[in-house]
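In the working numbering, the protein residues as written are 1 to 239.
(1) Can we say the region 119-138 touches the region 195-212, given the rule of at least three CB pairs closer than 8 Å?
(2) Judging by CA-CA distance, which residue of 170, 41, 43, 49 is the nearest neighbour of residue 12?
(3) Give me the Cα-Cα distance between residue 217 and residue 207, rounded to the nearest whole angstrom.
(4) Please report the distance separating the alpha-carbon of residue 231 from that of residue 10.
(5) Check the DSSP bridge columns for residue 148 and list the partner residues they point to.
(6) Excluding five sequence neighbours on each side, which residues of the same chain lie with their C-beta closer than 6 Å to the C-beta of residue 82?
(7) Given a threshold of 16 other Cβ atoms within 10 Å of its Cβ, counted over all protein chains shown, does residue 257 qualify as buried or as exposed?
(8) Less than 8 Å between the C-beta atoms of residue 236 and residue 99, yes or no?
(9) For residue 117, which option in 138, 96, 85 has the closest C-alpha, if you only look at C-alpha atoms?
(10) Among the candidates 52, 147, 51, 138, whose CA atom is the shortest distance from the CA of residue 74?
(11) Among the candidates 214, 120, 205, whose CA atom is the shortest distance from the CA of residue 229?
(12) Let's see if you can read the secondary structure: which residues bound the beta strand (DSSP E) around residue 16?
(13) How long is the line joining the alpha carbons of residue 159 and residue 26, rounded to whole angstroms?
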């Protein structure tokens, strides 16, 4: 008896093949299992999927037992909200967190100086908001905890350097997050019927607006953005 698998099954299968972590693979396989029609023609396929799920779960459990870094960075939530700063190398995320909070992340002029998440508390009037500095995107390997922290946050700040092609930086960052099924809340309507995605409010932060003459660059950048992209311009150095 033919399996007669629907198109959504093959979409989930593609996500399984493109999975970067065991957790992503398990999610895709479980989705394939749920979509698969229930009849004798699919019995062998179901058994094969269950074996793959079992193997990936064993692999994931083995990672936890070895105490790898990806299972060690679980940040306790504090304040009224948790906001994660994400962006390419050398855009000033660490300097921004240091300027706004009591945290002391490593700040350097060279890329990839941040290799672990660093939380800090930002005070706004009578409330506190937790900001989390993260390693820059674009490394050959990103630890799974990076995406866990992003998915568990209340908002993502996409930090770009307004002095160095901010449009490309924004596009690369958003594309990178979409590869791992994290997308702006404003675009959720484009993914109707697709499971396994996390949608969060995104705010674009144009950093390194250090001089008044750069205001024109900020306005040009703003004009190139879609209406769905809220933007603030800041300088971690001058305020």
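Ideal Cβ positions, reconstructed from N, Cα and C, are used throughout, including at glycine.
The structure says:
(1) no
(2) Residue 12 sits at position 12 when you count from the first residue of the chain shown. Of the candidates 170, 41, 43, 49, the residue whose Cα lies closest to the Cα of residue 12 is 49.
(3) For the purposes of this step, residue 217 is taken as residue 217 along the chain shown, with counting starting at 1. For the purposes of this step, residue 207 is taken as residue 207 along the chain shown, with counting starting at 1. Each residue's alpha carbon lies about 12 Å from the other.
(4) Here residue 231 corresponds to residue number 231 of the chain shown, with the count starting at 1. Here residue 10 corresponds to residue number 10 of the chain shown, with the count starting at 1. Near 38 Å, if we compare the C-alpha coordinates of residue 10 and residue 231.
(5) For this step, residue 148 is matched to residue 148 along the chain shown. Partner(s): none; residue 148 has no beta bridge.
(6) Position 82 of the chain shown, counted from the first residue, corresponds to residue 82. Closer than 6 Å at the Cβ level, and outside the excluded window around residue 82, lie 130, 153, 154.
(7) With the chain represented from 1 up to 239, any question about residue 257 goes unanswered, as that position is not in the structure.
(8) Taking the first residue of the chain shown as position 1, residue 236 is located at position 236. Taking the first residue of the chain shown as position 1, residue 99 is located at position 99. Yes, these two residues count as a Cβ contact at 8 Å.
(9) Here residue 117 refers to the residue found at position 117 when the chain shown is read from its first residue. With distances taken between Cα atoms, residue 117 lies closest to 85.
(10) By 1-based counting over the chain shown, the position of residue 74 is 74. When each option's Cα is compared against that of residue 74, the closest is 147.
(11) Here residue 229 refers to the residue found at position 229 of the chain shown. When each option's Cα is compared against that of residue 229, the closest is 205.
(12) Here residue 16 corresponds to residue number 16 of the chain shown, with the count starting at 1. Residue 16 -> not in any beta strand (DSSP E); alpha helix (DSSP H) instead, spanning 7-18.
(13) Within the chain shown, the letter at position 159 stands for residue 159. Within the chain shown, the letter at position 26 stands for residue 26. Pairing residue 159 with residue 26, the inter-Cα distance amounts to about 31 Å.
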